[in-house]
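2 protein chains.
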Amino acid sequence: MGRVAMSPDDPGHDVGYRLQDQIGFILRKAHQRHVAIFAAHIADLTPPQFAALAKLRDVGETSQNQLGALIAMDAATVKGVIDRLAARGLVRLGKHEVDKRRLLVGLTEEGQRTVEELVPLARTITEETLAPLSAREATTLLQLLAKIS
Amino acid sequence: MGRVAMSPDDPGHDVGYRLQDQIGFILRKAHQRHVAIFAAHIADLTPPQFAALAKLRDVGETSQNQLGALIAMDAATVKGVIDRLAARGLVRLGKHEVDKRRLLVGLTEEGQRTVEELVPLARTITEETLAPLSAREATTLLQLLAKIS
DNA sequence: GGATTATCATTTGCATGCGAATGAATTGAC
DNA sequence: GTCAATTCATTCGCATGCAAATGATAATCC
């Protein structure tokens, strides 16, 4: 016997695919909420811009490409982010002595100051994003997300 | 006494803020990986475009704004997505009879066919995205992400 | 009813994000 | 050493994503 619609509620197509239950959709929404929280605390910098500054604080001067690898940005994207940071004087660009292909990137003093000031806010942003979870849940979430990253 | 650097490894600033451990950074990376998996399986449609089609399949004809609410897109974004789908003949636009402000959106027959064909691929995409996790971990991750969305 | 407020859609501007193509410089194979 | 393959950076085009401003229409308040 073939499939026969038996009730007015019959969807008439595949059941069991609910967009709102899919990992991609939920990831997108969670990311959206985080970005909104970030903007509420740090209005004049975007998350990728802050990521670049924070990573430069850790590693010092690097090439644009290397920085991109560290903060998960492709070459085209990192260029835009760095250019905007450079235009604001938070980052300094220079040629690599040996390898002339490379463009060195490093924090200016103002960039240094800025990132130091923002780190406490960044902690708050993380806390607020994870606020709906217990400490245990938050740890679990980070572990599981790391596994699928 | 003030703080004194005691070793060559001394970071000279706040310890304990590691970008790669922050929820925002990991969320961004996980989302990136998912989008890449999506593109590998469904090359001619983006995740937001598919989300619009999948939701329209569920709810039938709605206003642009209502659709945006259902798939978590603001008015400006949903307009761009819908316009591109309309240009490809997957979606049909029409005026609302009563409320002249509203722009009705619905699937065309081709849109209907397309989404039916893509749902199985979408299941595969979800599976592949969650592949690094056990079934139990996947369930947990979805629950925790939903909490912070 | 008329004025105020709210909702819907559109547009502009800016910032990711990525694929693809390009050019310059370096590295590797031989 | 030379040529091929690789790496680094840049540019272009396209697609989200959101804030803010605008215009049209509806709903509400009095």
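Residue numbers (my numbering), protein chains in the order written: chain X, 285 to 433; chain C, 285 to 433.
Beta carbons are placed, not taken as given, at the ideal position from N, Cα and C, and that holds for glycine.
The structure presented is a predicted model; accordingly, all values stated were derived computationally and were not measured.
DSSP, reduced to helix, strand and coil, places R341/C within a helical segment of the structure shown.
In chain order, L425 place their CB closer than 8 Å to the CB of L417/X, counting only its own chain and leaving out the 5 sequence neighbours on each side. Along the region 310 to 338 of chain X, going in chain order, the ones with a CB nearer than 7 Å to a CB of chain C are I310, L311, R312, K313, A314, H315, Q316, R317, H318, F322, P331, A335 and A338. Contacts with chain X (Cβ-Cβ distance below 8 Å) from the region 348 to 373 of chain C involve I355 and A356, listed in chain order. Contact annotation: I366/X and A336/X have beta-carbon atoms nearer than 8 Å. Non-local beta-carbon contacts of H380/C in its own chain, meaning distances under 8 Å to residues more than five positions away in sequence, involve S347, R386, L387 and L388 in chain order. A straight line joining the alpha-carbon of D305/X with that of L354/X spans about 31 Å. For A323/X, the closest of E412/X, A422/X, A430/X and G352/X by C-alpha to C-alpha distance is E412/X.
Beta-bridge partners assigned by DSSP to G373/X: none are found. By the C-beta density criterion, P404/C is exposed, having fewer than 16 other C-beta atoms within 10 angstroms. The Cβ of R407/X sits closer than 8 Å to at least one Cβ of chain C.
DSSP, reduced to helix, strand and coil, places K379/C within a strand of the structure shown. Listed by position along chain C, the residues whose Cβ is nearer than 7 Å to that of K431/X are P416 and L417. Residue pairing for T410/X: DSSP places it in no beta bridge. Cβ atoms of G352/C and D358/C come within 8 Å of each other, at about 6 Å. Taking a Cβ-Cβ cut-off of 7 Å, the neighbours of T413/C in chain X comprise I307, G308 and I432, given in sequence order.
For G308/C, the enclosing alpha helix (DSSP H) has its first and last residue at I307 to H325. Between T423/C and chain X, the shortest Cβ-Cβ separation is not below 8 Å.
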